[in-house]
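From first to last, the protein sequence lines are chains S and H.
For the first sequence, position 111 (counting from the first letter as 1) is numbered 111 according to full-length UniProt numbering, and the numbering increases by one without interruption.
For the second sequence, position 231 (counting from the first letter as 1) is numbered 231 according to full-length UniProt numbering, and the numbering increases by one without interruption.
There are 2 protein chains.
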Amino acid sequence: MSIKKEITIYDLAKELNYSPSTISRALNDHKSISKKTVQRIKNAAEEMGYRPNTLAAGLRNNKSKTIGISISRINRPFMSSLISGIEEAARNAGYNVIISQSDDKYKNELSNTKALYDSRISGLIVSLSMETSDYKHFNQFIDQGIPVVFVDRVPASLNSYKVVIDNYSAGYSATKHLIEQGCKRIAHFAGAQHRNVYEERKKGYVDALKEHGLPVEKELIKYFKTLSFEEGRKTTAKLMALPNPPDGIFSANDTAAVSAIIYAKSMGIKVPEDLAIIGFNDDPISSIVDPALSTVSHPAAKMGEISAKRILEHSRANYDKTISEVTILNTELIIRDSSNRAKALLKSKKSRQPKT
Amino acid sequence: MSIKKEITIYDLAKELNYSPSTISRALNDHKSISKKTVQRIKNAAEEMGYRPNTLAAGLRNNKSKTIGISISRINRPFMSSLISGIEEAARNAGYNVIISQSDDKYKNELSNTKALYDSRISGLIVSLSMETSDYKHFNQFIDQGIPVVFVDRVPASLNSYKVVIDNYSAGYSATKHLIEQGCKRIAHFAGAQHRNVYEERKKGYVDALKEHGLPVEKELIKYFKTLSFEEGRKTTAKLMALPNPPDGIFSANDTAAVSAIIYAKSMGIKVPEDLAIIGFNDDPISSIVDPALSTVSHPAAKMGEISAKRILEHSRANYDKTISEVTILNTELIIRDSSNRAKALLKSKKSRQPKT
DNA sequence: ATAGCTAACGAAATCGTTTTCGTAAACATA
DNA sequence: TATGTTTACGAAAACGATTTCGTTAGCTAT
Chain S
1 MSIKKEITIY DLAKELNYSP STISRALNDH KSISKKTVQR IKNAAEEMGY
51 RPNTLAAGLR NNKSKTIGIS ISRINRPFMS SLISGIEEAA RNAGYNVIIS
101 QSDDKYKNEL SNTKALYDSR ISGLIVSLSM ETSDYKHFNQ FIDQGIPVVF
151 VDRVPASLNS YKVVIDNYSA GYSATKHLIE QGCKRIAHFA GAQHRNVYEE
201 RKKGYVDALK EHGLPVEKEL IKYFKTLSFE EGRKTTAKLM ALPNPPDGIF
251 SANDTAAVSA IIYAKSMGIK VPEDLAIIGF NDDPISSIVD PALSTVSHPA
301 AKMGEISAKR ILEHSRANYD KTISEVTILN TELIIRDSSN RAKALLKSKK
351 SRQPKT
Chain H
1 MSIKKEITIY DLAKELNYSP STISRALNDH KSISKKTVQR IKNAAEEMGY
51 RPNTLAAGLR NNKSKTIGIS ISRINRPFMS SLISGIEEAA RNAGYNVIIS
101 QSDDKYKNEL SNTKALYDSR ISGLIVSLSM ETSDYKHFNQ FIDQGIPVVF
151 VDRVPASLNS YKVVIDNYSA GYSATKHLIE QGCKRIAHFA GAQHRNVYEE
201 RKKGYVDALK EHGLPVEKEL IKYFKTLSFE EGRKTTAKLM ALPNPPDGIF
251 SANDTAAVSA IIYAKSMGIK VPEDLAIIGF NDDPISSIVD PALSTVSHPA
301 AKMGEISAKR ILEHSRANYD KTISEVTILN TELIIRDSSN RAKALLKSKK
351 SRQPKT
């Protein structure tokens, strides 16, 4: 009802007989103000209910305490966890987080980053859209000394902060695991190869086959557009209709892997006995599908947290240029039933025993 | 590298021999500037690469073109879809979205809304934390004429914008569906009863039982703290160990419902024949679990979109007070295998036929 | 012709902080 | 004593857009 007047540093200045400059400095812990004065001022600020006007500060500094995010879509498990991690770290440091979705379109990523730039963000965290192959739109940030952190889907060339997992090793381990389960013909559901994550996962797959003396067959490597459920279903159908179908699948994501499990079950193909399957991401669906999907877990929230911290550090240190620094996080191979042939064998023996 | 000077309305004014006032008005389509001039100015602005400084405008207006969100956690299917819808609508209107997570703690919701208030948001979209029972922290917004939209989890009392689904009817329909499937003893996984959504779902359940001549038994209504997987598992175990166990479950969310399915399967209890189960939300896991979970679908993204639009309208209309306006969206009952006894019966007959 | 009106624009204050130069006092040094 | 050096603070100009009052010119009605 009654519109309360917001109190400003001028009000504090008048009240305490200091100049606004001193108030400002005291509130920001500037060293040239004595500890005593700082305390006095902070106490008064607290008492009088002073609240900093971030817009004014932002205008003056040409920078707002805000971290911008550009991602494909929020409503995917990996992305929402990533954001969750970013938000938590940012808020603890008094930063806001503003998000924008590209929907995997280059055009949207372009306009979103422009809008974020106009919002005078302190830093940008990006997971590239599927379509992006030109990175000029990030130069405006880098040129201005605004840190850009690429996370997960990163550009190969650009010098900047990067937070990633070791996709190559993860792909290698996942494939090796299938080989150890006795698979001889392992198919791969590959994502768009210009995105580092999918390219590297595939490389890991290829090298694992080679190093274990298995042939790399083109007909077993399927390139997906979106790694969607529907795409996975169709691809699995094609693969299993081959004269010599695969006995294992390493999918670059869980959605497609789950669709393969479900398709296989519907066709009476036994998972993992006839077809061992492993996915990537450890989405919630992977532990719900039956048999539960083996997968590679991705520390999404942690990646978000680290990305945010890179920006906070950069801002604190007041670097004038973006520094090139790559952080590589560990993944974890999670073995569930969809690839665990030993366990499946044991179970089928047990279930046959009562009959004998 | 070269720090380009941002051009301002002053630069435009100098270039075109107008005053900054005119430039500002022209860019905002103020009526007192002639169409010709507006065009000239807009063209020049485009050409010279002018970009509005939202911070300066925000400072002057004491309001930034930003929508604040306060929710429990981002990384849940419903919430991420909600945000996705908000973000899309907001961005189309040139608004930014800043999010904050309460983690279902009242304390966090309090400090987050304070921070959002300090950010001079144009409007706030809230889905209440589980703990919240005091709504004073929203008064600062309402008193200032800043619109507050409550979505999904809304307060019963406060006069404000609300965007909800008809939880009562949904709960009633879900329960009625189980009754129609022949269930006689239907259990309910209920959420915290001070949150409208859970209270209303339960009411729908109770009334459906009553109106169909079934007794409402206290031992079959289980109150959950978080409706988590683990909680669901334990609760299902207890229920099924009763001397007279239930033959149906209506769960207030999918997570708990899925845990019930998985527990039942592990115990050899047939779903839906021995135990028909229906959930709420239509999370991705519900169509992946086997048998697939019947559930109530929640138009999450749409709710986000509408919430955002309420704020945009309010801002455009320049209302000085928050208006009380409730939007109720339709839900959809999605029948899958976990409650479809007719289909299950048919299947079991078919699978027996070959033998005869 | 004069008052009254409208259309189209301008001057300058304003929003609340920050920061660049200062200055003044107190103290140390040669 | 004269000269630096800190320490602790202040004046005032930014930051860029908006908006409250204007003003001026041209038109209409009487």
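Yeah, the Cβ is synthetic: ideal placement off N, Cα and C, and Gly gets one too.
- Apart from sequence neighbours up to five positions away, the residues of its chain that approach alanine 93 of chain H with a beta-carbon distance below 7 Å are Leu312, ordered along the chain.
- Its chain contains Ile7 as the residues whose beta carbon lies nearer than 7 Å to that of glycine 49 of chain S, once the 5 sequence neighbours on both sides are disregarded; these appear in chain order.
- Inter-residue distance for methionine 79 of chain H and arginine 316 of chain S is about 32 Å (C-alpha atoms, whole angstroms).
- When C-beta distances to chain H are compared with 7 Å, the residues of the segment 259-289 of chain S below that value are Pro284, Ile285, Ile288 and Val289, in chain order.
- Contact between the segment 131-150 of chain S and the segment 166-177 of chain S is not established, with fewer than three Cβ pairs separated by less than 8 Å.
- Listed in chain order, the alpha helix (DSSP H) elements of length 4 or more contained wholly in the segment 254-302 of chain S are 254-266 and 284-288.
- Per DSSP, reduced to three states, the secondary structure at phenylalanine 229 of chain S is helical.
- The alpha-carbon of alanine 190 of chain H is positioned some 8 Å away from that of glutamate 199 of chain H.
- Burial is judged here by how many other beta carbons sit within 10 angstroms of a residue's own beta carbon; glycine 213 of chain S has fewer than 16 and is exposed.
- Within the same chain, and ignoring the five residues on either side of isoleucine 74 of chain H in sequence, the residues whose Cβ sits closer than 7 Å to its Cβ are Ser80, Ile83, Ile99 and Gln101.
- In the structure shown, the three-state DSSP call for glutamine 39 of chain H is helix.
- Contact with chain S is found for valine 97 of chain H, since one of that chain's Cβ atoms lies less than 8 Å from the residue's Cβ.
- Uninterrupted beta strand (DSSP E) stretches at least 3 residues long and entirely within the segment 164-198 of chain H occur at 186-190, given in chain order.
- The beta carbon of isoleucine 23 of chain S is closer than 7 Å to those of Ile9, Leu12, Ala13 and Ile41 in its chain, skipping five residues each way along the sequence.
- Within 10 angstroms of the beta-carbon of lysine 210 of chain S lie fewer than 16 other beta-carbons, which makes it exposed.
- Your pair glutamate 273 of chain H and alanine 344 of chain H checks out as a contact, with CB atoms roughly 6 Å apart and the cut at 8 Å.
- Taking C-alpha positions only, leucine 220 of chain H is separated from aspartate 103 of chain H by approximately 29 Å.
- Interface with chain H (8 Å Cβ-Cβ cutoff): isoleucine 83 of chain S is included.
- Between the alpha carbons of lysine 31 of chain H and glutamine 39 of chain H lies a gap of roughly 13 Å.
- Contacts between glutamate 305 of chain H and chain S, judged by CB atoms closer than 8 Å, are missing: the closest CB pair is about 13 Å apart.
- Leaving aside the five residues that flank isoleucine 262 of chain H on each side, the residues in its chain whose CB is nearer than 8 Å to its CB run, in chain order, Arg233 and Val289.
- CA-CA distance, alanine 44 of chain S to serine 119 of chain H, rounds to 22 Å.
- Relative to the Cα of tyrosine 135 of chain S, the nearest Cα in the group S/Asn96, S/Ala115, S/Gln181 and S/Ala156 belongs to S/Ala156.
- Inclusion of isoleucine 125 of chain H and isoleucine 86 of chain H in the CB contact set at 8 Å is warranted, their separation being smaller than that value.
- For phenylalanine 250 of chain S, the uninterrupted beta strand (DSSP E) run begins and ends at 248-251, by DSSP.
- Within the same chain, Arg341 come within 7 Å of glycine 182 of chain S by CB-CB distance, once the 5 residues on both sides are set aside.
- DSSP, read as helix, strand or coil, puts phenylalanine 138 of chain H in helix.
- Excluding residues up to 5 positions away in sequence, Ala208 and His212 lie with their Cβ nearer than 8 Å to the Cβ of lysine 176 of chain S in the same chain.
- Taking threonine 54 of chain S as reference, the option from S/Leu128, S/Lys184, S/Tyr95 and S/Lys105 with the minimal CA-CA separation is S/Tyr95.
- Scanning the segment 111-136 of chain S from its first residue to its last, the whole beta strand (DSSP E) runs of 3-plus residues come out as 123-126.
- In this structure, the beta-carbon distance from serine 297 of chain S to glutamate 332 of chain S falls below 8 Å.
- Residue burial is scored here from C-beta neighbours: serine 129 of chain H has at least 16 other C-beta atoms within 10 angstroms and is therefore classed as buried.
- Shown here, glutamate 332 of chain S sits in a strand according to DSSP, grouped into three states.
- Inclusion of aspartate 282 of chain S and isoleucine 323 of chain S in the CB contact set at 8 Å is not warranted, their separation being larger than that value.
- For the segment 67-83 of chain S, the beta-carbon criterion of a distance under 8 Å to any beta-carbon of chain H is satisfied by Arg73, Ile74, Asn75, Arg76, Pro77, Met79, Ser80, Ser81 and Ile83.
- Rounded to whole angstroms, the gap between the alpha carbons of asparagine 139 of chain S and lysine 65 of chain S is 20 Å.
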